[in-house]
Amino acid sequence: MITPQLTADGRAVRLPIRDHITAPLLDDLATAYAEDPEQISLLLIAHAAAVTCHDYAVCSDDAPEYERAMRAAEADGTRGALLDALPDAHQQDPELGPDDAITTATRLTRLAARIRHTRSKEPRQ
Numbered sequence: 201m202i203t204p205q206l207t208a209d210g211r212a213v214r215l216p217i218r219d220h221i222t223a224p225l226l227d228d229l230a231t232a233y234a235e236d237p238e239q240i241s242l243l244l245i246a247h248a249a250a251v252t253c254h255d256y257a258v259c260s261d262d263a264p265e266y267e268r269a270m271r272a273a274e275a276d277g278t279r280g281a282l283l284d285a286l287p288d289a290h291q292q293d294p295e296l297g298p299d300d301a302i303t304t305a306t307r308l309t310r311l312a313a314r315i316r317h318t319r320s321k322e323p324r325q
């Protein structure tokens with residue numbers, strides 16, 4: 201279960217997903233690359249190109265909306281191809297049972313209230 205925490209400065213609540221989501225995903229990508237480096241490198245190159253084209257289309261003032269949509273679809277397609285090379289376990293959103301969901305919501309609420317009450321005691325700028 202992902203346990204909400206206060207940031208070091210105490211101004212926000214963070215959900216530490218690195219150990220639960222990011223690290224296993226990176227591990228699986230490395231394993232897939234070790235098993236078939238040529239295929240995975242081609243997928244990574246294609247995805248990088250699609251993401252770069254999408255970023256350019258989004259940031260460009262003169263790019264038409266249909267081009268932005270096409271570039272987004274291309275990036276989604278290459279991302280999907282990369283995800284298909286990884287185990288299914290790391291492609292799904294984390295699911296919480298009722299008790300874990302209540303516990304997480306309670307912790308989030310408690311931490312957010314702590315931040316709000318701490319801020320209300322400080323002079324406003």
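Here the sequence shown stands for residues 201 to 325, where the numbers follow our numbering. We put the beta carbon where it would ideally sit given N, CA and C, even for glycine. Remember, predicted model here, so these are calculated numbers, not experimental data.
Query                                                                                                : Result
Segment limits, alpha helix (DSSP H) that includes ARG279                                            : 265–284
Opposing strand residues paired with LEU311 [DSSP bridges]                                           : Bridge partners of LEU311: none, in fact.
Residue range of the unbroken alpha helix (DSSP H) whose run includes HIS220                         : Per DSSP, HIS220 belongs to no alpha helix (DSSP H) and is neither H nor E.
Integer Cβ distance of ALA257 from ARG271, believed to fall under 8 Å                                : 4 Å
Cβ shell of MET201 (< 6 Å), same chain only, five flanking positions each side left out              : ASP300
Anticipated Cβ contact below 8 Å, GLY210 with ILE302, distance rounded                               : So it is not a contact: roughly 24 Å between Cβ atoms.
Endpoints, the alpha helix (DSSP H) within which THR252 is located                                   : 237–259
As assigned by DSSP and simplified to three states, the class of LEU206                              : strand
Counted within 10 angstroms of its Cβ, other Cβ atoms place THR186 as buried (16 or more) or exposed : In the structure as shown, the chain begins at 201 and stops at 325. Residue 186 is therefore absent and cannot be evaluated.
Assigned exposure category for HIS254 - 16 Cβ within 10 Å defines buried                             : buried
Option in ASP228, GLU235 and ILE217 with minimal Cα separation from LEU283                           : ASP228
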